[in-house]
Every structure is written in C-alpha cells, then in structure tokens.
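**Student:** Those letters in the sequence shown? Residues 23 to 310, by the numbering used here. Glycine included, every Cβ here is placed at the ideal spot set by N, Cα and C. Structure below; questions to follow.
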Amino acid sequence: MSLLHDYTHRPGRRRCLNVLAALVAGMAVPLPSVAAGTYTFGVVPQFEQRKLFAIWKPLVDELVRRTGLDLKLEVTLSVPEFEAAVEAGSFDFVYANPYHILKVRDSQGYIPLVRDEEPLRGIIVVRKDSPLKSVKDLDGKTLAVPSPNAVGASLLVRAELERLHGVRLQMLNVKTHSSVYLHVLNGLTEAGGGVQKTFAEQAQAIQAQLRVLYTTRDMPSHPVAAHPRVPPTVRDALRQALLAIGASPAGKVLLEDIPMPRPVVTSLDDYLPMRQWGLERYWIVDRK
Numbered sequence: 023m024s025l026l027h028d029y030t031h032r033p034g035r036r037r038c039l040n041v042l043a044a045l046v047a048g049m050a051v052p053l054p055s056v057a058a059g060t061y062t063f064g065v066v067p068q069f070e071q072r073k074l075f076a077i078w079k080p081l082v083d084e085l086v087r088r089t090g091l092d093l094k095l096e097v098t099l100s101v102p103e104f105e106a107a108v109e110a111g112s113f114d115f116v117y118a119n120p121y122h123i124l125k126v127r128d129s130q131g132y133i134p135l136v137r138d139e140e141p142l143r144g145i146i147v148v149r150k151d152s153p154l155k156s157v158k159d160l161d162g163k164t165l166a167v168p169s170p171n172a173v174g175a176s177l178l179v180r181a182e183l184e185r186l187h188g189v190r191l192q193m194l195n196v197k198t199h200s201s202v203y204l205h206v207l208n209g210l211t212e213a214g215g216g217v218q219k220t221f222a223e224q225a226q227a228i229q230a231q232l233r234v235l236y237t238t239r240d241m242p243s244h245p246v247a248a249h250p251r252v253p254p255t256v257r258d259a260l261r262q263a264l265l266a267i268g269a270s271p272a273g274k275v276l277l278e279d280i281p282m283p284r285p286v287v288t289s290l291d292d293y294l295p296m297r298q299w300g301l302e303r304y305w306i307v308d309r310k
C-alpha cells in the first residue's frame, strides 16, 4: 500500500482532504504553465518519513495545480542524506535549515523565496518534574537533538549556552523533533533541543509534561529556496503560488503543519546576519 493511499484512508487526515476539495472547488485559479521539465522539491526531514510525506504531498500537489509545473517531491531517509543533497545542489527547490542555505551560498547559491513571518526560536525542554532549574544545571548533561546541524534545536542552542553561559552539552541524535520530545518525556535524556514551532505541534498530553528551560534569540524561519538554475519565471510562479495559498483560510491549513502558516517574501539578506553568530564552529559533517 502506498504512503499516499494510507494517508487518504486515515480518519485523522480527512481535514486535509476537505481542504484540498475546497481549493479545487474554486478558491484558486491555476497559473499558466511557465516551463517544461520536472523540478525536484526537497524538504528537510524534521519528522519521520510518513508524517513528512503526509504534510508535504498535498501542498506540492496544490502547487502543481496552481502553477502548471511538474514538481517531484523528494523525501530523504535521513538528515545527513538531505544535507549531502543540498550541498551537491541536487534539489531544484528546497525547504531547508536557514543556516544550511547560508553555508552553501558560495557553492550552490540557493535563492530564498518565501518563509514564515513568525521567527524561529530554539528551545531546550526538560520534564516538568525535572530537578534542572537553570541553564547552569545543564552543564555536562546529554541533549537529545533532531540533528546535530538543526539550526534552532542544536546549533544555536549549543552556541549560546557555551558562549554566553559557559555550558557544554553532550549530544544524542534522535533523528526527528518528535523523537526529541518523547526521549525527554520518557526519561531517556535529561533535556532535548527543539524549536517552539515543532513543540507547539505536539499533542497536549506531551506538552503538558514538559517544560521549556531555555529559549534562544529569534532567527528568520526556514525558507523555501530555489537553485539558480531554475528560471526566474519558474521561481516567481512558485513564490506567488505559495503566497496565494497562504492568503486563503483553506490554504493556511496546508501550511500549518510545515509550519509556515503566514508565508512572506524573503531573500538572502534576511539570513546574512546569522553569519556573524559563530555557528560554523558547531556544524558537524556526518555522512553515515
């Protein structure tokens, strides 16, 4: 059974199907086809593969309908695999860690198109009944992270704690944001790194048993970016389609789980200040 077939037959996903029906019924007008050929669309695996596909496939399908583009969603099995693909310029369009876009600026030159208006904030969570009360209490503790190079959940958290508070952490890579929160909840690690947006998406029963111990500075949210080889007309068509989707109530539902409920135009200029944050020191190359 395909992931999409499974997705469409799950009762908890019927809301998204209703949203798609509303969009098709006339809430959007398709743009004329702007270019021939297939364009790949890669997304950073913040969640496990089935959930990632369930979130992104309906949105990519709607982008195809609106633009006339042939878009192929590509979901990698691991974050290192995704990072290698971005560094090789494998994706035509990509939803990625903003610092990773900066990191490949000279080699690939990905062009940010759209991001969520709400900034991204890294967090460290502990169990609500944890004896850890202050940042200093974290020194030497193990931090569950979705990826060593996750910008909010790992890079910025580690940089700020070490530089501002003299606190160093051990890392445990648990692959996804959801796994981070479950590791902390079940006592497998004393603390976990995440971002406010993914924490807010967790079930209330999970949120109720966790406590945010630390929050980082704000940073611009993950962008949807295009490789320079993508023609400007194609880039603009995708940008305008995303903005149009975000302007309708039904479209917002498709964007909420990414999460990018309020898409706005962005550019590399929004992200350049992050080059001064010293995150390069904490980036880990891992191709396993």
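Compute the Euclidean distance between the alpha carbons of E184 and D159, then round it to the nearest angstrom.
**Tutor:** Straight-line Cα distance between these residues: approximately 13 Å.
**Student:** How is the alpha helix (DSSP H) around G268 delimited, first residue to last?
**Tutor:** 254-268 is the span of the alpha helix (DSSP H), which, as asked, contains G268.
**Student:** Here's the rule I'm using: 16 or more other beta-carbon atoms within 10 Å means buried, otherwise exposed. How should Q130 be labelled?
**Tutor:** That one is buried.
**Student:** If you compare alpha carbons, which of R137, R233, A166 is closest to R149?
**Tutor:** Among R137, R233, A166, the Cα nearest to that of R149 belongs to R233.
**Student:** Tell me, to the nearest whole angstrom, how far the beta carbon of L85 is from that of A263; I am working on the premise that it is less than 8 Å.
**Tutor:** At roughly 5 Å, the Cβ-Cβ gap stays under 8 Å, so L85 and A263 are in contact.
**Student:** I want to know whether the stretch 96-107 touches the stretch 241-258 - three or more CB-CB distances under 8 Å.
**Tutor:** The stretch 96-107 vs the stretch 241-258: no contact.
**Student:** Verify whether the separation of the beta carbon atoms of V157 and V189 is less than 8 Å.
**Tutor:** Against a cut-off of 8 Å, the Cβ pair of V189 and V157 comes out as a contact.
**Student:** Alpha carbons only, please: which of I123, A107, Y61, S200 is nearest the one belonging to K73?
**Tutor:** Nearest option by C-alpha distance: S200.
**Student:** How would you call Q226, buried or exposed, if buried means at least 16 neighbouring beta carbons within 10 angstroms?
**Tutor:** Under this definition Q226 is an exposed residue.
**Student:** So what does DSSP say about A247, is it helix, strand or coil?
**Tutor:** Three-state DSSP puts A247 in a strand.
**Student:** Run through DSSP, which three-state label would G174 get?
**Tutor:** Reduced to three states, the DSSP call for G174 is helix.
**Student:** Just reading off the beta strand (DSSP E) that I133 is part of, what are its end residues?
**Tutor:** Taken as a continuous stretch (DSSP letters only), the beta strand (DSSP E) holding I133 covers 133-138.
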